[in-house]
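Numbering (the numbering used here), first residue to last: 847 to 1240. Backbone N, C-alpha and C define an ideal beta-carbon position, used for all residues, glycine too. Source: prediction; values computed, not measured.
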Amino acid sequence: MNELAGKHIVIVPAWWPSPEQPQAGIFFQDYVAAFTAAGATVGVIYPDLVGLRHWGRGERKPIFPRITQEETIAAAPVIRIRGLQSSFGSVARQARRTRDWLARGLRAYRERVGEPDLLHAMCAVPTAWACANLDDPLAKRVILTEHTGPFSLVMRSEESAALARAAFRAVTSRVAVSDHLRRQIVAAGIDDSIEVIGNPVSDMFTPADGDDRSPSDRVRALYVGRLTREKGVPMLVGAIESALDVAKACEFHIVGDGPLGVTLAPFEHDPERRVTRHAACPRSEVVSHMRRADFLVHPTLGETFGMTVAEALCTGLPVVTTRGVACAEFIDDDNGILVEPGDERALAAGLKQMIARHRDYDRAAIAARARSRFSGAAVAAAYRDLYERAIVAR
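Written as structure tokens, this is what we have:
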């Protein structure tokens, strides 16, 4: 349980919850909890560059960068450097400002907490580049975990691509959160010495002590995510219509917000109310939805990791999802069904198959297998050698 005992880690996230974006980077908090539980001293330094598009929205923002300290999950100190900025479309300008604000945050962190052993940057651009270009001994002790996907977003301009290449060269160790993402990075000609370590899943995503599923005779299907084209929502709507024509004793619960929410409007007139839409909600409520469900459907067209799928598996749910995306790496005959991406008929067939045989899956076995891969303890253990290698690089 104390895989990281004695280590002092500062996480530098690319995103973190803010008043403007309260869900942004919320899964990075799971890293804090996982590494703290594994015995490490953990802190967070977040250069919170508030773009001009958020000016005038919500609470008042400082024009000049201001340092604040918060307490977050697992009581780890969070140093936030928050202020108004604009990179005027220049990724390099954003990266340099991230570096400068990070340097200020690091000085404050040392005064308040102490000297860290290493920096763990989440994403190459701008954070890993900023960490590796500090005028500081810690610049030589940086772990990079890449989350951005598709990775072509990082390589969309020569300016951004140059920063990414420089970041990957400079760091001590490189990690991708899925083999799918690792292959994209290698295909971009960046680096092939990349470890694959998935995201940790919060301990709240576990099966219920009893059976929380509805006593209704209906099979309960669940979707959790943004209501967008990228998440396969148009295909999902058509597949639900097809599935309900055959499987009358089924209901679908759609949790999330997004521009394609209007496509669910026709289901509102179903007198049997077999499709229910729920607004986006805190993860504690997502857990409740998952514990009441019989299976998850996740028809995404592109995924770097697939946090919702990993969370569902840890809760014991079988999953219907698409081939060729990162979360397909988690699925086999023992825990779900894979269908072709963008194929509405294939998704409908997968839904009908899952509705018919969902009780054949061993929910306890699904959860145990997923926790062995995605629990905080498993992820912390996977990082142990990388951290020790970085610390030796003093």
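Of the residues assessed, Met1050 falls on the exposed side of the cut-off, its CB having fewer than 16 other CB atoms within 10 angstroms. Just so you know, the alpha carbons of Ala1085 and Arg1137 end up roughly 23 Å apart. Within 10 angstroms of the beta-carbon of Glu1149 lie 16 or more other beta-carbons, which makes it buried. Between His1135 and Ala870, the alpha-carbon positions lie close to 21 Å from each other. Rounded to the nearest whole angstrom, the CA to CA distance from Ala970 to Gly1104 is 28 Å. Thr944 sits in a helix when the DSSP states are folded into three classes. The beta strand (DSSP E) runs of length 3 or more contained entirely in the region 1085 to 1117 are, from start to end of the chain, 1096 to 1101. Counting along the chain, Ser1006 sits inside the alpha helix (DSSP H) bounded by residues 1004 to 1016. Selection Gly885, Gly1107, Ala1125 evaluated against Ala851 yields Gly885 as nearest (Cα-Cα).
A distance of 9 Å or more separates the beta carbons of Arg1235 and Ser1039. Just so you know, the alpha carbons of Trp861 and Val890 end up roughly 11 Å apart.
Taking all protein chains shown into account, Pro1046 has 16 or more neighbouring C-beta atoms within 10 Å of its C-beta and is therefore buried.
Counting along the chain, the unbroken alpha helix (DSSP H) around Ala1223 starts and ends at 1222 to 1238. Cβ-Cβ separation between Val1171 and Gly1152: approximately 7 Å, consistent with a contact (criterion under 8 Å). Under the three-state reduction of DSSP, Glu1175 is assigned to helix. As the crow flies, the alpha-carbon of Ala1192 is around 10 Å from that of Gln1199. Taking every protein chain shown into account, the CB of Asn848 has fewer than 16 other CB atoms within 10 angstroms, so this residue is exposed. Looking from the CA of Asp1140, the closest CA among Thr1167, His1026, Ala1125, Tyr1207 belongs to Tyr1207. The alpha-carbon of Leu964 is positioned some 9 Å away from that of Ile857. Judged by DSSP secondary structure, Met1200 falls within the alpha helix (DSSP H) whose first and last residues are 1190 to 1203. In this chain, the alpha helix (DSSP H) harbouring Leu1027 covers 1025 to 1033.
If only uninterrupted alpha helix (DSSP H) runs of at least 4 residues are considered, none is enclosed by the region 905 to 944.
Counted as a single uninterrupted DSSP element, the alpha helix (DSSP H) harbouring Arg1138 occupies residues 1129 to 1138. Under DSSP, no beta-bridge partner is assigned to Asp1049. Under the three-state reduction of DSSP, Phe1151 is assigned to coil, being neither helix nor strand. Between Ala1228 and Ile1043, the C-beta spacing is below 9 Å.
Between His1144 and Tyr1233, the C-beta gap is not smaller than 9 Å, which leaves the two residues out of contact. For Val1021, the secondary structure class from DSSP, reduced to helix, strand or coil, is strand.
Here Thr1167 carries a strand assignment [DSSP, helix/strand/coil].
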